[in-house]
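**Q** Dumping the structure here so I can ask a few things about it.
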Ligand SMILES: [Zn+2]
């Protein structure tokens, strides 16, 4: 079982980092996690995790963000229904899309490859950690990554997509990732950062949606039953300016 998980995780890691896969220490005998080999030890798996300068996640201080005047356009075309694979990859519940939609950021197209959930948000806004976050991971032809983050808070309204994911862990199901998105997608924070897991590659454009989605207490509990503490602590900004739209 451990071997299978390791193989799955390593292949997921290689898959999600593309050209930067050489940074991954694929032959390492222990694998990273959120416990004994947690974030404070991730430099054992990739030096970038400790020495990188634009690491993610970050705490977004809204009064320090800079309004960007459409010079940072984001077009979301996620409305594609396909038979996707839903699995516990050992770190999170991940939906690997068979053929997904795409986003266009600053004129560059990134295709959706997978989305996954963290039991508490990694990114914080003015210090606040949200109850859950979904990361939609997209990849460009050059192997660069753009992640769209969807924050969730406990509320009365269930998330239909979250429910579908929860009902189909370990299965293949018909999924439309557009159902993850908030109603208003024209307000978001943008910054340059990294993968929030080893190898912590710094080739990621982050887009954090400002409109927070609702999930019920039961849905959040069900997701946390798989992974409760799978979030990396916030990392230094090192002079980065967060753009707001
Ligand atoms: Zn993530």
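In this note's numbering, the protein residues as written are 4 to 248. Backbone N, C-alpha and C define an ideal beta-carbon position, used for all residues, glycine too.
1. Going straight from the alpha carbon of residue 185 to that of residue 79, what length do you get?
2. For the alpha helix (DSSP H) containing residue 240, name the first residue and the last one.
3. By the DSSP assignment, the alpha helix (DSSP H) with residue 224 in it spans what residues?
4. In angstroms, rounded to a whole number, what distance separates the CA positions of residue 94 and residue 39?
5. Look at residue 192 and residue 246 and say whether their C-beta atoms are less than 8 Å apart.
6. Would a C-beta distance cut-off of 8 Å place residue 139 and residue 115 closer than the cut-off?
7. Decide if residue 104 is buried, meaning its Cβ has at least 16 other Cβ atoms within 10 Å, or exposed.
8. Using a threshold of 7 Å, is the CB atom of residue 193 nearer than that to any non-hydrogen atom of ligand 1?
9. Nearest to residue 218 by alpha carbon, out of 203, 156, 238 and 233?
10. Please name the residue in 204, 189 and 158 whose C-alpha comes closest to that of residue 76.
11. Tell me the residue span of the alpha helix (DSSP H) that contains residue 166.
12. Between residue 264 and residue 130, is the Cβ-Cβ spacing less than 8 Å?
13. Do the segment 48 to 67 and the segment 78 to 92 touch if we need at least three Cβ pairs shorter than 8 Å?
14. If you measure from the CB of residue 190, is any heavy atom of ligand 1 nearer than 7 Å?
15. Can we say the segment 65 to 74 touches the segment 141 to 150, given the rule of at least three CB pairs closer than 8 Å?
16. How many angstroms separate the CA atom of residue 135 from the CA atom of residue 145?
17. If I measure Cβ to Cβ from residue 244 and keep anything under 6 Å in the same chain, skipping five residues before and after, which residues do I get?
18. Do you know whose CA, among 50, 220 and 63, lies nearest residue 211's CA?
19. In the DSSP assignment, the alpha helix (DSSP H) including residue 54 goes from what residue to what residue?
**A** Based on what the coordinates show:
1. Your numbering for residue 185 matches position 182 in the chain shown. Your numbering for residue 79 matches position 76 in the chain shown. Computed Cα separation, rounded: 11 Å.
2. Translated into positions along the chain shown, residue 240 becomes position 237. Per DSSP, residue 240 belongs to no alpha helix (DSSP H) and is neither H nor E.
3. In the chain shown, counting from the first residue as 1, residue 224 sits at position 221. Taken as a continuous stretch (DSSP letters only), the alpha helix (DSSP H) holding residue 224 covers 220 to 227.
4. Within the chain shown, the letter at position 91 stands for residue 94. Within the chain shown, the letter at position 36 stands for residue 39. Near 14 Å, if we compare the C-alpha coordinates of residue 39 and residue 94.
5. Locating residue 192 in the chain shown gives position 189, where the first residue counts as 1. Locating residue 246 in the chain shown gives position 243, where the first residue counts as 1. The answer is yes: Cβ separation under 8 Å.
6. Stepping through the chain shown from its first residue, residue 139 is reached at position 136. Stepping through the chain shown from its first residue, residue 115 is reached at position 112. Taking 8 Å as the Cβ cut-off, residue 139 and residue 115 qualify as a contacting pair.
7. Translated into the one-based positions of the chain shown, residue 104 becomes position 101. Classification of residue 104: buried, given that the 10 Å Cβ count is 16 or more.
8. Position 190 of the chain shown holds residue 193. It does not: the Cβ of residue 193 is nowhere closer than 7 Å to a heavy atom of ligand 1.
9. The residue given as residue 218 occupies position 215 in the chain shown. Of the candidates 203, 156, 238 and 233, the one whose C-alpha sits nearest the C-alpha of residue 218 is 156.
10. What you label residue 76 is simply residue 73 of the chain shown in a count that begins at 1. Nearest option by C-alpha distance: 189.
11. Along the chain shown, read from residue 1 onward, the residue named residue 166 stands at position 163. Looking at the DSSP string, the run of the alpha helix (DSSP H) that includes residue 166 is 163 to 170.
12. The requested residue 264 does not occur in the structure, where the chain is confined to residues 4 to 248.
13. no
14. Working through the chain shown from its first residue, we reach residue 190 at position 187. No.
15. no
16. Reading the chain shown from its first residue, position 132 is the one you call residue 135. Reading the chain shown from its first residue, position 142 is the one you call residue 145. Straight-line Cα distance between these residues: approximately 30 Å.
17. Indexing the chain shown from 1 puts residue 244 at position 241. Here the set comprises 69.
18. Within the chain shown, the letter at position 208 stands for residue 211. The candidate whose alpha carbon is nearest that of residue 211 is 63.
19. Taking the first residue of the chain shown as 1, we reach residue 54 at position 51. Residue 54 -> alpha helix (DSSP H) spans 51 to 54.
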